[in-house]
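**Q**
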Amino acid sequence: MWKELVERRNFLSDEEDNLLKGINSYRASLNLTTLRENDKAKCLADEMADQFKDQPCTNTTGANTVPGTEPQFSNYPKLLSKCKLNVTTTRDGMIMPACVPNLVPDLVLSNFTKSQYSNYLNDTKFSGVGIGSDDNWIVVVLTTSNPEGSFTPDNSSANLVFQLGLISHAVFLLVAFLILL
9 MWKELVERRN
19 FLSDEEDNLL
29 KGINSYRASL
39 NLTTLRENDK
49 AKCLADEMAD
59 QFKDQPCTNT
69 TGANTVPGTE
79 PQFSNYPKLL
89 SKCKLNVTTT
99 RDGMIMPACV
109 PNLVPDLVLS
119 NFTKSQYSNY
129 LNDTKFSGVG
139 IGSDDNWIVV
149 VLTTSNPEGS
159 FTPDNSSANL
169 VFQLGLISHA
179 VFLLVAFLIL
189 L
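Residue numbers (my numbering): 9 to 189.
(1) Straight-line CA distance for Leu27 to Leu40?
(2) Over the uninterrupted alpha helix (DSSP H) stretch that includes Thr121, give me the two end residues.
(3) Does the distance from the CB of Cys107 to the CB of Cys51 come in under 8 Å?
(4) Quick check: the Cα distance between Asp22 and Asp62, rounded to an integer number of angstroms?
(5) With DSSP as the reference, label Val137 as helix, strand or coil.
(6) Buried or exposed: which applies to Ala36, given that a residue is buried once 16 or more other Cβ atoms fall within 10 Å of its Cβ?
(7) Residue range of the alpha helix (DSSP H) that Pro85 falls in?
(8) Between which two residues does the beta strand (DSSP E) carrying Leu150 extend?
(9) Output the boundary residues of the alpha helix (DSSP H) element that contains Cys51.
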């Protein structure tokens with residue numbers, strides 16, 4: 009059982025690598041820069057693919073979805089948190105899910121290059137990419153080089169103040185506990 013899981017994970021990694029090569033070849037044919045891998049975008053793509061995995065492939069999912077009717081995830085902030093991201097650094101990014109039975113490589117690539125997603129792949133503002141897959145779903149997350157789409161870790165001052173606040177409360181409780189002993 010463990011060996012099958014490892015083999016499946018390696019297969020998915022190969023699918024993700026093949027898709028990245030295909031997307032970068034597609035962009036090169038349009039004289040666009042190649043997309044660089046972004047670890048935080050990859051994390052979010054993996055988390056999103058995991059969210060989609062139980063949804064069946066239909067004519068209204070993935071690249072076939074009518075813009076504006078995509079499924080909304082109430083736990084999106086939690087997914088960002090798992091990847092140590094916040095909405096301010098992901099706002100200009102793009103999440104593009106596709107459902108392809110058995111993740112057939114040529115079909116996967118055409119789901120991105122010959123669909124509504126091609127507009128985003130053709131856009132020069134995107135410079136990075138993360139790809140994740142699970143079951144029949146593969147998710148591409150595009151990033152920009154500007155602060156609002158860079159997918160940089162959540163090192164905001166608000167997050168730092170929140171963490172410092174928790175530490176100071178913990179120290180206060182510890183001192184109060186020691187005094188009471």
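Even for Gly, the Cβ is constructed at its ideal location relative to N, Cα and C.
This one's a predicted model, so the numbers in the text were calculated from it and none came from an experiment.
**A** Per the coordinate set shown:
(1) Sequence index remark: in the sequence shown, residue 27 carries index 19 (1-based). Sequence index remark: in the sequence shown, residue 40 carries index 32 (1-based). Their Cα atoms are separated by approximately 17 Å.
(2) Indexing the sequence shown from 1 puts residue 121 at position 113. First-last of the alpha helix (DSSP H) with Thr121: 113 to 121.
(3) As a first step, residue 107 must be located in the sequence shown, where it is residue number 99. As a first step, residue 51 must be located in the sequence shown, where it is residue number 43. It is not a contact, given that the beta carbons lie outside the stated cut-off.
(4) The residue you call residue 22 lines up with position 14 of the sequence shown. The residue you call residue 62 lines up with position 54 of the sequence shown. The straight-line gap from Cα to Cα measures roughly 21 Å.
(5) Here residue 137 corresponds to residue number 129 of the sequence shown, with the count starting at 1. Reduced to three states, the DSSP call for Val137 is strand.
(6) Locating residue 36 in the sequence shown gives position 28, counting from the first residue. Result: exposed.
(7) The sequence position of residue 85 within the sequence shown is 77, counting from 1. Looking at the DSSP string, the run of the alpha helix (DSSP H) that includes Pro85 is 84 to 90.
(8) As a position in the sequence shown, residue 150 is number 142, starting the count at 1. Note, Leu150: beta strand (DSSP E), 145 to 152.
(9) Translated into the one-based positions of the sequence shown, residue 51 becomes position 43. From DSSP, the alpha helix (DSSP H) with Cys51 extends over 47 to 60.
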